[in-house]
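Following: one structure in structure tokens, then a few remarks.
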């Protein structure tokens, strides 16, 4: 059936949501929806009792979609006083229907507000809750070691937490009864604001959860002059390094074999150059580093886990020593593969690509090849042009890649031997 905006009684142009097969890009389903598009988040557990689905904000509506067939699971009008922003938070069942629920957060006219929706039906659970009298730049959900959930709010003055059980009780009395409390965090709560101060700084730029078990995590904070890891329970600093200006949200991977996730950052060192550093997740010390020239519209570093104890890292930029090369053009983007067991070299690949909108290195099928998934298209919102979704196997790039030697190695491996080491890698799903 040829689905269009018109035959679905929608204005033209409308919003199209589609799913494509990871193996060959074949369209599995597509769903037209009313414009304007605001945001989408997939992988949300419990939408309409599905294992995981997608939630879209568009026009004045919220639409939950079955990821397997594109069917609309539920559709509700947007909360009236809330201009919600990503991420959507998945929280334990608060309305007793056995399905996880979702939390939306965003600015109102003068306050940051929150609404809780039933994951099963999309109906709002209770009233909207005022979280703060000021704008919150980012938010996320954190779980303490004792299983208590806190909504973390990134503000101009630092990072703060508010207990989910208190928020739920404000929205609807009794909905908080199944939620756990953490007395250690309760003692840290400011009696006036109801907030826990996790980190005081007027320049917090990024906050990431770094897993330290199956259900708990530490918190990585990036400010204008540092990267710091704090304990997710005691809130004590575990390590801290000074930086100039971190250019992108840090990435996570495994460079060494200690089982602790390591941290990849890009630090601006001036003159159009960035220093890519891999930091030991346990101590913060620099495990590996390289200087690359910045290239416009290139993704942040990413990684793919192998079946062994390390990851392969994908970096973007340009080698400073190659800037005078006559073969380099403004349309080229250069990607580099880093193998932790061959860290004296990089595999360089030249790519002629339009503006990169999104990029992910991932393993789509267990036991199959790792791939790059890339979305490219016009630069800037509202511009017309072709948007292209593409997939490329990581190993397909190896034969045509150039081996760059960062420093001399004592083992005397040839370029071909290094490429064989990359080709022999076996990958695993992220854990």
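Numbering (UniProt numbering), first residue to last: 1 to 431. Beta carbons are placed, not taken as given, at the ideal position from N, Cα and C, and that holds for glycine.
#1: Here's the rule: buried if 16 or more other CB atoms are within 10 angstroms of the residue's CB, otherwise exposed. What is residue 62?
#2: Taking a contact to mean a Cβ-Cβ separation below 8 Å, would you say residue 255 touches residue 339 in this structure?
#3: Does residue 30 come out as helix, strand or coil in the three-state DSSP assignment?
#4: Tell me whether residue 60 sits in a helix, a strand or coil according to DSSP, three-state version.
#5: Would you mind sorting residue 388 into buried or exposed? The rule is 16 or more other CB atoms within 10 Å of its CB.
#6: Looking at the secondary structure, which residues open and close the alpha helix (DSSP H) in which residue 169 lies?
#7: If you pair each beta-carbon of the stretch 113 to 126 with each one of the stretch 89 to 101, do three or more pairs fall below 8 Å?
#8: Nearest-angstrom Cα distance between residue 143 and residue 6?
#9: Where does residue 126 fall in DSSP's three states?
#10: In whole angstroms, what is the alpha-carbon distance linking residue 190 and residue 196?
#11: Got a sec? Which residues, its chain only, sit under 7 Å from residue 111 by beta carbon, not counting five neighbours each side?
#12: Which residue wins for smallest C-alpha separation from residue 280, given the options 260, 409, 38?
#13: For my contact list, residue 176 and residue 165 are in at a C-beta cut-off of 8 Å; report their separation, rounded to the angstrom.
#14: Please state whether the Cβ-Cβ distance between residue 370 and residue 304 is less than 8 Å.
#15: Would you report the Cα separation of residue 469 and residue 406, rounded to the nearest angstrom?
#16: Buried or exposed, going by whether 16 or more other CB atoms sit within 10 Å of the CB of residue 425?
#17: Which residue from 381, 40, 262 puts its Cα closest to that of residue 211?
#18: Go ahead and pull the three-state DSSP assignment for residue 17.
#19: Using three-state DSSP, classify residue 399 as helix, strand or coil.
#20: For the alpha helix (DSSP H) containing residue 415, name the first residue and the last one.
#21: Can you tell which of 356, 429, 336, 80 has its C-alpha closest to the C-alpha of residue 403?
#22: Quick one: give me the first and last residue of the beta strand (DSSP E) that residue 76 is part of.
#23: Please classify residue 298 as buried or exposed, where buried requires at least 16 neighbouring CB atoms within 10 angstroms.
#24: According to DSSP, is residue 48 helix, strand or coil?
Here's the rundown:
#1: So residue 62 counts as buried.
#2: The answer is no: Cβ separation not under 8 Å.
#3: strand
#4: Shown here, residue 60 sits in coil according to DSSP, grouped into three states, outside any helix or strand.
#5: exposed
#6: 164 to 171
#7: yes
#8: 46 Å
#9: coil
#10: 6 Å
#11: Close CB contacts of residue 111 within its chain, under the 7 Å cut and outside five residues either way in sequence, are with 130, 132, 133 (chain order).
#12: 260
#13: 4 Å
#14: In this structure, residue 304 lies closer than 8 Å to residue 370 by Cβ.
#15: The displayed coordinates of the chain run from 1 to 431. Any statement about residue 469 would go beyond what the structure contains.
#16: buried
#17: Closest in C-alpha terms to residue 211, from the list 381, 40, 262, comes 262.
#18: Residue 17: strand per DSSP, three-state reduction.
#19: coil
#20: 415 to 423
#21: 336
#22: Per DSSP, the unbroken beta strand (DSSP E) holding residue 76 starts and ends at 72 to 77.
#23: Answer is buried; the Cβ neighbour count reaches 16.
#24: helix
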